[in-house]
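Trainee:
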Amino acid sequence: MAPERVTEYERKRLENIKRNDELLASLNIHSKLADLSASAKRQREHTKSYKVSPEKKLKSETPIVIRRSLRTQGKQPDSTTIPKSLVIPKNPPHQLGPITMADANTCSESNQVLVQKILSVCKDPQLKDGDGDGDGGCANKGIGLRVKGSIDLESMELAPENIARVVPGRILSVKFFPSADMRMVVAGNKFGDVGFWNVDSQNEDGDGIYTYHPHPAPVSGILIHPFSMNKIITSCYGGLIRLLDIEKEIFGLAYSTDDAIFSTSQRPDDMNSIYFGEGNGVLSIWDERSGKISLSWDLHESRINSIDFNSENNNIMTTSSSDGTACIWDLRKVGKSKLESLKVVAHKRAVHSAFFSPSGSILATTSLDDTIGLVSGANYEDEFMISHNNRTGRWLSTFRGVWGWDDSYMFVGNMKRGIDVISTAAEERRVVSTLESPHMSAIPCRFDPHPLKPGMLAGTTGGGQVYIWTSSS
DNA sequence: AGGCGCATTAAATGT
DNA sequence: ACATTTCCATGCGCCT
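Each residue of the first sequence is one higher than the last, beginning at 31 in our numbering.
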């Protein structure tokens, strides 16, 4: 019993420290941890529960007032007094407002190399025909949002040089730059870090990895506009949506809320809006031009884990939720401040993703009830459930099955350090092969297929690694 | 109905 | 090699 007590205490203490640290960060105070350790001590007297809801705890136990007053007193950061064990090295002060890339930078690499690289691709004359968008000159016209094509599974491989640890800790979101002229991936982790990896920089200087800390909480979404790659949107559990302007080198603050933001998406034909899942089932639309929420619906009874649009009809949207359902909505059928679902796919547990196939005719869901659903038919009336182990546990991000470059294959993580490939043809509908490699030393959980390079698939792990599988065909 | 304790899980880090 | 640490997941069962 005694040792259990100790670990219990220890756990609470760490939890408290972390919470306090995040609070400190959110208040932009980078200092004075004397009272922090005091609060940790105080925690000992509060021998109560192990899991207290964050809000409650914030209100009841965290000495907010003291911290505020510290800042209002204008006390300077005094790192010398910070106990070594409490220093979290990768946490520069967090601001609730715009933050420059320089301030958010947590690596030794220079911003300029990254900025110039991205701008050079944006400004590629090849891609810059016409250019009347007045949008920073980052036109990418003539290239589709996403190419379609079949690939040869047998030819997919993982080269050792296509592996990197891009951020520390667990990755929640990953996105390729939608450019055919460079291979760059962006990954967001549990700590709120965002890492950029220029995969082809081996021949250039540095390791091609640039890390920033623009968020105080897990990065739930990354969006890169295909026609304006110099603008990168990130969201986090802390309720922030940031819009990184590469030209200005600023992580701007687009929107902030007390609710957690669990998912973000953009409607392909309306890049001025951001659709995001907020709190316990609310879907909101933020309009870039007005800088405000233009619409908001209460669609689910629990968090919305994913949002996706049908490529063939951008009015058709799908959401997946921890309430155990994935739904299909028609945005034209807006009732009185309500949306009616065209279809509800019911799972027995939380649904962590729902994505339309490239053609739009199949919806694939991934659920903690250990199934992957394939929903098809003219009105999505055919449901087929494929059994698949999706119990990732506490230390890994949940699995989300993603589509490849046509309707024939899906990719999903496998607890045995592989990537399961599901053939979706009506007569198959099962795992037909598993991508495995001795170089894949951890379980890939979240994926992003390169939108312009069929066969190029990024997979990310609970340890911050990114694997880029490629196909020679 | 809802809050709380607990088991579960993988991989980095420490010895 | 093995042991320790990680500690904003989630479901379940037990308790109010």
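Glycine included, C-beta positions come from ideal geometry on N, C-alpha and C.
Hey, how far is the Cα of V196 from the Cα of G365?
Mentor: Approximately 45 Å between the Cα atoms of the pair.
Trainee: Where does W425 land, buried or exposed, given buried means 16+ other C-beta within 10 angstroms?
Mentor: So W425 counts as exposed.
Trainee: For T348, write down the residues that DSSP places opposite it in a beta bridge.
Mentor: Its beta-bridge partners are D338 and I358.
Trainee: Contact between the stretch 179 to 198 and the stretch 237 to 244: three or more CB pairs below 8 Å?
Mentor: The stretch 179 to 198, when compared against the stretch 237 to 244, does touch it at the 8 Å Cβ threshold.
Trainee: Please check the pair W433 and S387, which I expect to be a contact at CB under 8 Å, by giving their CB distance rounded to whole angstroms.
Mentor: At roughly 5 Å, the Cβ-Cβ gap stays under 8 Å, so W433 and S387 are in contact.
Trainee: Is it buried or exposed, D288, if we count other Cβ atoms within 10 angstroms and call 16 or more buried?
Mentor: Classification for D288: exposed.
Trainee: Could you tell me the boundaries of the alpha helix (DSSP H) in which C152 lies?
Mentor: Counting along the chain, the alpha helix (DSSP H) containing C152 begins and ends at N141 to C152.
Trainee: Are the stretch 474 to 493 and the stretch 430 to 448 touching by the rule of at least three beta carbon pairs closer than 8 Å?
Mentor: Counting Cβ pairs under 8 Å, three or more are found: they touch.
Trainee: Counting along the chain, where does the alpha helix (DSSP H) carrying D133 start and finish?
Mentor: Unbroken alpha helix (DSSP H) run through D133: M131 to A134.
Trainee: How many whole angstroms separate the CB atoms of I291 and I271, which I take to be in contact at a CB cut-off of 8 Å?
Mentor: With a Cβ gap of about 7 Å, I291 and I271 count as contacting.
Trainee: Can you name the start and end residues of the beta strand (DSSP E) that M301 belongs to?
Mentor: Per DSSP, M301 belongs to the beta strand (DSSP E) from D300 to E308.
Trainee: In angstroms with no decimal places, state the Cα-to-Cα distance between S231 and F207.
Mentor: When rounded, the distance between both Cα atoms is 15 Å.
Trainee: Taking G127 as part of the beta strand (DSSP E), name the residues at either end of that continuous run.
Mentor: Careful: G127 lies outside any beta strand (DSSP E) and carries neither H nor E.
Trainee: For E466, name the three-state secondary structure that DSSP assigns.
Mentor: Here E466 sits in coil by DSSP.
Trainee: Nearest CA to the CA of R421: which residue from E139, S397 and E457?
Mentor: Checking every option, the nearest Cα to that of R421 belongs to S397.
Trainee: Can you give me the C-alpha to C-alpha distance between G269 and Q142, rounded to a whole angstrom?
Mentor: In a straight line, the C-alpha of G269 is about 29 Å away from that of Q142.
Trainee: Do you know offhand how far I96's Cα is from L274's?
Mentor: Residue placement at I96 is poorly supported in this model, since its pLDDT is 26, which falls under 50; the coordinates are not used for a value here.
Trainee: Given that a residue counts as buried once 16 or more other Cβ atoms are within 10 Å of its Cβ, and exposed if not, what is L157?
Mentor: The predicted position of L157 is uncertain, since its pLDDT is 47 and thus under 50; no value can be drawn from it.
Trainee: Assign E331 to one of three DSSP states: helix, strand, or coil.
Mentor: E331 falls in the coil class under three-state DSSP.
Trainee: For L404, tell me which candidate among T428, V374 and D328 has the shortest Cα-Cα distance.
Mentor: Of the candidates T428, V374 and D328, the one whose C-alpha sits nearest the C-alpha of L404 is V374.
Trainee: Would you report the Cα separation of N312 and S150, rounded to the nearest angstrom?
Mentor: Position check: residue 312 holds Val in this sequence, whereas Asn was assumed. If you take the alpha carbons of V312 and S150, they lie about 38 Å apart.
Trainee: Starting from the Cα of Q495, find the closest Cα among W327, S427 and D353 and give me that residue.
Mentor: Of the candidates W327, S427 and D353, the one whose C-alpha sits nearest the C-alpha of Q495 is S427.
Trainee: On the DSSP letters alone, give me the boundaries of the beta strand (DSSP E) that P479 sits inside.
Mentor: Per DSSP, P479 belongs to the beta strand (DSSP E) from P474 to P479.
Trainee: Write down the C-beta distance between F281 and A134 rounded to the nearest angstrom, noting that I regard them as a contact closer than 8 Å.
Mentor: Yes, they are in contact, since the Cβ atoms of F281 and A134 sit about 6 Å apart, within 8 Å.
Trainee: May I have a chain-ordered list of the beta strand (DSSP E) segments no shorter than 3 residues that lie completely inside the stretch 188 to 233?
Mentor: Complete beta strand (DSSP E) runs here, min 3: 201 to 206, 214 to 219 and 224 to 228.
Trainee: By Cβ distance below 6 Å, which residues in the same chain neighbour E318 in space, the five residues on each side in sequence not counted?
Mentor: So the qualifying residues of the chain are N302.
Trainee: Can you tell me whether R362 is buried or exposed, with buried defined as 16 or more other CB within 10 angstroms of its CB?
Mentor: Counting Cβ neighbours within 10 Å, R362 comes out exposed, since fewer than 16 surround it.
Trainee: On a CA-only basis, which of A132, N343, S332 and T395 is nearest H243? Give me that one, please.
Mentor: The option with the nearest alpha carbon to H243 is A132.
Trainee: Of all the options I334, E184, L175 and I148, which has the alpha carbon lying nearest to the alpha carbon of S502?
Mentor: Of the candidates I334, E184, L175 and I148, the one whose C-alpha sits nearest the C-alpha of S502 is E184.
Trainee: With a threshold of 16 other CB atoms inside 10 Å of the CB of N24, please say whether the residue is buried or exposed.
Mentor: Outside the displayed range of the chain (31 to 503) lies residue 24, so it cannot be described from this structure.
Trainee: Could you have a look at L393 and say whether DSSP puts it in helix, strand or coil?
Mentor: In the structure shown, L393 sits in a strand (DSSP, three-state: E or B).
Trainee: G407: buried (16+ other C-beta within 10 angstroms of its C-beta) or exposed?
Mentor: Per the 10 Å Cβ criterion, exposed.
Trainee: Could you tell me the boundaries of the beta strand (DSSP E) in which K373 lies?
Mentor: Run containing K373: L369 to A376, per the beta strand (DSSP E) assignment.
Trainee: Return the bridge partner residues of D288 from the DSSP annotation.
Mentor: D288 is not bridged to any residue.
Trainee: Roughly how many angstroms lie between the CA atoms of I358 and F221, to the nearest whole one?
Mentor: Taking the straight line joining both Cα atoms gives about 32 Å.
Trainee: In three-state DSSP terms, what is S417?
Mentor: Note: S417 maps to strand in three-state DSSP.
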